[in-house]
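S.K.: Position 500 of the sequence shown, counting from 1, maps to 694 under this note's numbering, and the rest follow consecutively. Note that CB positions come from ideal geometry on N, CA and C, so glycine has one too. Take a look at this one; I'll ask things after.
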Amino acid sequence: MAMPQNSTRENGFCFTQPLDFSCASPHAGEAFGAMSARDGCSTPLSNGITSSEAASPSDSCAQPLCTPTLAEEETPFEEGIKYVSAEGEDLACGWGGFTPGCLQLCNTSKGVLFFLCVASFLQGMTVNGFINTVITSIERRFDLRSYQSGLIASSYDIAACACLTFVSYFGGNGHKPRWLGWGVLLMGLGSLLFALPHFTTGHYEARLAAQVGVCGGNQSLPCSQAASSLSGYRFVFMLGQFLHGMGATPLYTLGVTYLDENVKTNYSPVYIAVFYTAAILGPAAGYLVGGMFLNIYTEIGREIDIAPENTLWVGAWWIGFLGAGAASLLISIPILGYPQRLPGSQRYIVMRVSEAHQLKDGSHQKASDPDFGKTVKDLPRSVLLLLKNPTFIFLCLAGATEATLIAGMSTFGPKFLESQFSLSASEAATFFGYLVVPAGGGGTFLGGFLVNKFKLRCSGIIKLCLLCTVFSLLAIFVFFIHCPNMPMAGVTQMYDGSALPGGRLNLTGACNAQCGCLQETYSPVCGTDDIMYYSPCHAGCKRVSENLRNGKKVYHECSCVDKALLPGSGKAEAGKCTSSCVKKPLLLCFMFVVILFTFLSSIPALTATLRCVSDRQRSFALGIQWIVVRTLGGIPGPIAFGSMIDKSCLLWQDQCGEQGSCYVYQNSAMSRYTLIAGLVYKVLGTTFFIVACLLYKPPPAESAPGSLDASENGTSDLQEHKPSLPAEEDI
């Protein structure tokens with residue numbers, strides 16, 4: 195049989211035809227092994243196939259996997275080894291026949307990693323950043339209730355669950371970059387659709403406290419003005435989220451396996467870690483950028499008489515979605531141009547050592563069939579093989595518990611900070627972004643780095659996940675600590691400073707009984723006595739002016755503000771009182787630790803999932819894992835956290851007798867419920883990792899002669915027992 199021929203395109207980029215040993219005869223391994231012994235350039239691997247120690251096709255286009263000596267140059271290969279022609283398989287980067295030479299500079303694993311990182315960054319920034327940041331503004335602008343905004347957030351996961359099986363099964367055996375490119379394009383369309391309601395509704399008119407909130411002013415506010423039919427726009431937001439979910443489905447299943455297939459096994463965790471770090475930095479950027487946009491009034495160009503600190507303020511929530519949508523449409527173009535596999539990737543497939551969990555009945559070997567998984571009739575058998583893999587099942591369950599916490603905290607983390615530290619919505623979002631950038635992004639990258647640094651095998655990786663979960667479990671006890679609520683007249687105490695009888699709200703006191711204040715007009719002010727009031731009217735204020743230093747409104751002649759404390763007092767300033775909680779540094783420090791160790795286990799857990807299943811099932815396994823994670827974690831997580839946080843509400847919005855969103859939370863109850871949820875899910879996650887570690891059964895040592903015998907701590911690496919390969923272009 196002739197040696198594989200090299201194909202050189204017009205652009206000067208060379209490719210070597212791939213080797214396929216899937217149809218080799220039973221003697222193929224022996225034949226190739228005998229040849230290797232003669233020329234001394236190969237090392238046997240677990241499947242009996244040899245790997246080259248010479249320069250690879252990507253290093254020199256003209257070199258085969260194993261270069262024979264001069265005396266053997268004319269020696270034909272032994273029978274049983276099949277060479278599949280790459281004729282008709284285009285490995286050039288481009289669109290159809292348009293494959294210019296300049297594009298081939300990006301036709302590497304680094305090029306793919308860059309574009310996938312940009313796509314995951316945009317996805318994270320949009321879905322987990324912008325949406326969580328602007329959810330309060332959207333509720334206020336479109337008169338949505340909490341459960342309706344919860345449905346908007348969950349629509350992303352619902353769409354992803356509906357598509358995961360189809361995409362991961364057929365996309366895993368298809369042209370992955372095309373699935374990825376069209377998915378990113380769908381995400382872009384979803385972002386543009388999400389911003390559409392801003393342009394199809396009328397101008398936002400805030401009910402200004404300066405007009406209707408001062409004692410003795412015009413307090414008429416007919417309910418017909420307060421009521422609105424804008425809540426129907428929630429279906430547009432849900433559709434936008436559906437498109438986000440459909441588009442992101444290939445990204446975290448096919449994108450991960452495409453990277454894993456095109457780099458060396460021990461470099462794979464680093465590549466995946468970089469990819470997921472971009473996905474974590476996306477939400478952090480979303481919180482920071484989204485917080486900045488919320489300081490711009492939603493009706494750009496119109497002058498408004500209220501500040502961002504006012505609860506009636508609605509920021510420019512829609513700008514981020516327009517930018518992210520346009521960027522997603524642009525980034526989908528280069529991704530669509532990548533080939534089904536990168537040039538030179540075949541050698542990594544040949545070198546790969548299986549670490550798949552060994553089933554007692556040996557049914558895991560069915561997945562090694564090259565024709566397995568190409569038709570719909572193999573789908574039930576694929577699912578059954580995964581369900582019979584206990585390590586995979588418990589890794590999925592552990593991922594679901596972690597996803598519940600991540601989804602809950604990412605949705606309500608800014609709200610937690612806003613309540614505990616008495617911040618505005620934009621300040622809380624920016625603050626939370628500062629926490630997530632180093633903790634989430636750093637933890638994600640560090641997890642992949644540790645797997646590569648210590649050359650961890652599958653069992654060692656699971657032990658690392660267990661260690662991280664235990665550390666975050668210990669750190670979560672910080673939620674025993676909470677900052678006290680800022681005193682608020684009529685909500686946390688009576689107007690004279692005494693306790694509320696029976697804990698019931700009483701916004702009317704002797705000092706404001708003649709003002710006729712409306713409960714619909716919530717615009718908190720901070721008196722010079724450091725007590726918050728529901729509105730200037732409820733503080734008994736009669737005049738208003740503007741502070742030239744900070745632009746905030748200052749109210750005078752406030753009859754409810756204690757004038758005995760300071761001479762010349764009886765004033766109040768618009769906005770919440772500033773919290774001086776001494777526990778703030780400790781609370782933030784331990785929240786950082788919880789986020790760090792939670793994300794530190796994410797890449798190792800993903801790598802363990804890829805290792806514990808057979809190569810042909812990796813994309814499908816990730817798809818099934820994402821279904822479990824989203825169904826048990828991503829979808830119920832925000833709903834469960836939202837329900838618990840709502841139990842700690844002290845003051846609800848009143849819209850003409852109908853209950854709206856929560857204005858004031860009880861900080862101690864909020865911390866207590868967060869602690870309970872965190873403990874339950876962290877204990878479950880620890881248990882699942884322990885069971886996964888105990889039940890994992892690696893391949894027997896004799897079936898993997900080319901790999902290191904696993905050490906007691908589960909660390910080993912393919913490269914340690916053989917000479918190192920020449921420097922490669924992958925890292």
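If the criterion is Cβ atoms closer than 8 Å, does the pair G441 and V483 meet it?
M.R.: Along the sequence shown, one-based indexing puts residue 441 at 247. Along the sequence shown, one-based indexing puts residue 483 at 289. No, the Cβ-Cβ distance between G441 and V483 is not below 8 Å.
S.K.: Which runs of the alpha helix (DSSP H) spanning at least 4 residues fall entirely within the segment 514-541, listed in chain order?
M.R.: For the segment 514-541, not a single whole alpha helix (DSSP H) run of length 4 or above is found.
S.K.: For a quick check, are the C-beta atoms of P930 and A286 less than 8 Å apart?
M.R.: Missing from the structure shown is residue 930; the chain here goes from 195 to 925 and no further.
S.K.: What is the C-beta distance between A592 and A799, in whole angstroms, given that I count them as a contact (C-beta under 8 Å)?
M.R.: In the sequence shown, the residue the question calls residue 592 occupies position 398. In the sequence shown, the residue the question calls residue 799 occupies position 605. About 7 Å; that satisfies the 8 Å criterion.
S.K.: For C752, tell me which candidate among T722, C856, W846 and G769 has the shortest Cα-Cα distance.
M.R.: The sequence position of residue 752 within the sequence shown is 558, counting from 1. The shortest Cα separation from C752 among T722, C856, W846 and G769 belongs to T722.
S.K.: Confirm, please, whether the CB-CB distance from S362 to A827 is below 8 Å.
M.R.: Against the sequence shown, residue 827 aligns to sequence position 633. Against the sequence shown, residue 362 aligns to sequence position 168. A small fix is needed here, since residue 827 is Gly in this sequence, not Ala. No, the pair does not count as a contact, with Cβ atoms beyond the cut-off.
S.K.: Have a look at F586 and P832 and give me their C-alpha separation to the nearest angstrom.
M.R.: By 1-based counting over the sequence shown, the position of residue 586 is 392. By 1-based counting over the sequence shown, the position of residue 832 is 638. The straight-line gap from Cα to Cα measures roughly 25 Å.
S.K.: Could you tell me the boundaries of the beta strand (DSSP E) in which C720 lies?
M.R.: Here residue 720 is taken as the residue at index 526 of the sequence shown, counted from 1. That run of the beta strand (DSSP E) goes V719 to G721.
S.K.: In terms of alpha-carbon separation, which member of S425, F487, F360 and L424 lies closest to L448?
M.R.: In the sequence shown, residue 448 corresponds to position 254, counting from 1. Nearest option by C-alpha distance: F360.
S.K.: Near V877, which residues of its chain fall below 8 Å by C-beta distance, leaving aside the five closest residues on each side in sequence?
M.R.: As a first step, residue 877 must be located in the sequence shown, where it is residue number 683. The residues are L667.
S.K.: Is it right to say G745 is buried, meaning 16 or more other beta carbons lie within 10 angstroms of its own, or is it exposed?
M.R.: To locate residue 745, count along the sequence shown from 1; it is residue 551. Answer is exposed; the Cβ neighbour count stays below 16.
S.K.: Who are the near neighbours of S613 in its chain, counting only those whose CB is closer than 7 Å to its CB and skipping five residues on each side?
M.R.: Within the sequence shown, the letter at position 419 stands for residue 613. Contacts found: Y859, N861 and M864.
S.K.: Tell me whether E224 sits in a helix, a strand or coil according to DSSP, three-state version.
M.R.: Reading the sequence shown from its first residue, position 30 is the one you call residue 224. Unreliable positioning characterises E224 in this predicted model, as indicated by a pLDDT of 41, which lies under 50. The coordinate reading is nonetheless provided below. It is helical.
S.K.: With 16 as the cutoff for other CB atoms within 10 Å, does V328 come out buried or exposed?
M.R.: One-based indexing of the sequence shown puts residue 328 at position 134. It is buried - the Cβ of V328 has at least 16 other Cβ atoms within 10 Å.
S.K.: Which partner residues of R737 appear in the DSSP bridge assignment?
M.R.: As a working note, residue 737 is residue 543 in the sequence shown. H750, per the DSSP bridge assignment.
S.K.: Using the Cα positions of T443 and E714, report the straight-line distance between them to the nearest angstrom.
M.R.: Here the question's residue 443 lines up with position 249 in the sequence shown. Here the question's residue 714 lines up with position 520 in the sequence shown. If you take the alpha carbons of T443 and E714, they lie about 43 Å apart.
S.K.: Where does V885 fall in DSSP's three states?
M.R.: Residue 885 sits at position 691 when you count from the first residue of the sequence shown. Helix.
S.K.: Report all residues from its chain with a CB closer than 6 Å to the CB of G382; omit the five preceding and five following residues, and keep chain order.
M.R.: Taking the first residue of the sequence shown as position 1, residue 382 is located at position 188. Answer for G382: G519, S522 and L523, listed in chain order.
S.K.: Would you please state the rounded distance, in angstroms, between the beta carbons of L488 and S343? I believe it to be under 8 Å.
M.R.: The residue given as residue 488 occupies position 294 in the sequence shown. The residue given as residue 343 occupies position 149 in the sequence shown. Their Cβ separation, rounded to whole angstroms, is 16 Å, which puts L488 and S343 out of contact at 8 Å.
S.K.: Return helix, strand or coil for G691, following the three-state DSSP convention.
M.R.: Along the sequence shown, read from residue 1 onward, the residue named residue 691 stands at position 497. Residue state, collapsed to three classes: coil.
S.K.: Please report the straight-line C-alpha distance between A683 and M838, rounded to a whole angstrom.
M.R.: Reading the sequence shown from its first residue, position 489 is the one you call residue 683. Reading the sequence shown from its first residue, position 644 is the one you call residue 838. The straight-line gap from Cα to Cα measures roughly 25 Å.
S.K.: Is DSSP giving F360 helix, strand or coil here?
M.R.: For the purposes of this step, residue 360 is taken as residue 166 along the sequence shown, with counting starting at 1. The answer is helix: DSSP assigns F360 an H, G or I state.
S.K.: Work out the CA separation of V645 and F588 for me, nearest whole Å.
M.R.: Position 394 of the sequence shown holds residue 588. Position 451 of the sequence shown holds residue 645. Their Cα atoms are separated by approximately 20 Å.
S.K.: Check F648 in the structure and name its three-state DSSP category.
M.R.: Within the sequence shown, the letter at position 454 stands for residue 648. If DSSP states are grouped into helix, strand and coil, F648 belongs with coil.
S.K.: What does the Cβ neighbour count give for K571, buried or exposed, with the cut at 16 atoms within 10 Å?
M.R.: Here the question's residue 571 lines up with position 377 in the sequence shown. K571 should be labelled exposed.
S.K.: In chain order, what residues of the same chain have a beta carbon less than 8 Å from the beta carbon of L307, not counting five sequence neighbours either side?
M.R.: The count along the sequence shown starts at 1 and reaches residue 307 at position 113. These residues qualify, in order along the chain: L453, Y465, V468 and F469.
S.K.: How far does the alpha helix (DSSP H) with A473 in it reach, from first residue to last?
M.R.: Counting from 1 along the sequence shown, the entry for residue 473 is found at position 279. Counting along the chain, the alpha helix (DSSP H) containing A473 begins and ends at S462 to F487.
S.K.: Scan the segment 322-402 and note each continuous alpha helix (DSSP H) run of 4 residues or more that stays entirely inside, going in chain order.
M.R.: With a minimum length of 4 residues, the continuous alpha helix (DSSP H) runs that stay inside the segment 322-402 are 325-336, 340-366 and 370-394.
S.K.: One question on the structure: do I474 and F793 come within less than 8 Å of each other, judged by their Cβ atoms?
M.R.: The residue you call residue 474 lines up with position 280 of the sequence shown. The residue you call residue 793 lines up with position 599 of the sequence shown. Yes, the pair counts as a contact, with Cβ atoms nearer than the cut-off.
S.K.: Taking the continuous alpha helix (DSSP H) assigned at A622, which residues delimit it?
M.R.: Translated into the one-based positions of the sequence shown, residue 622 becomes position 428. Residues A619 to V630.
S.K.: Along the beta strand (DSSP E) that carries E767, what are the first and last residues, could you check?
M.R.: Along the sequence shown, read from residue 1 onward, the residue named residue 767 stands at position 573. Element bounds for E767: A766 to A768.
S.K.: Measure from the alpha carbon of F393 to the alpha carbon of each residue in V738, I513, A704 and Y481, then state which is nearest.
M.R.: Locating residue 393 in the sequence shown gives position 199, counting from the first residue. For F393, the nearest C-alpha among the options comes from I513.
S.K.: In the structure shown, what three-state DSSP assignment does A421 receive?
M.R.: For the purposes of this step, residue 421 is taken as residue 227 along the sequence shown, with counting starting at 1. Summary for A421: the model assigns pLDDT 42, below 50, so the residue's position carries little reliability; its value from the coordinates is reported in the next sentence. DSSP places A421 in coil when its eight states are reduced to three.
S.K.: Please name the residue in D337, I325, K370 and C771 whose C-alpha comes closest to that of S348.
M.R.: On the sequence shown, position 154 is the one that residue 348 refers to. It is I325 whose Cα lies nearest to the Cα of S348.
S.K.: Span of the alpha helix (DSSP H) holding I797?
M.R.: Here the question's residue 797 lines up with position 603 in the sequence shown. From DSSP, the alpha helix (DSSP H) with I797 extends over S796 to R805.
S.K.: From this set, F610, P632 and A633, which residue's C-alpha is nearest A622's C-alpha?
M.R.: Stepping through the sequence shown from its first residue, residue 622 is reached at position 428. Checking every option, the nearest Cα to that of A622 belongs to F610.
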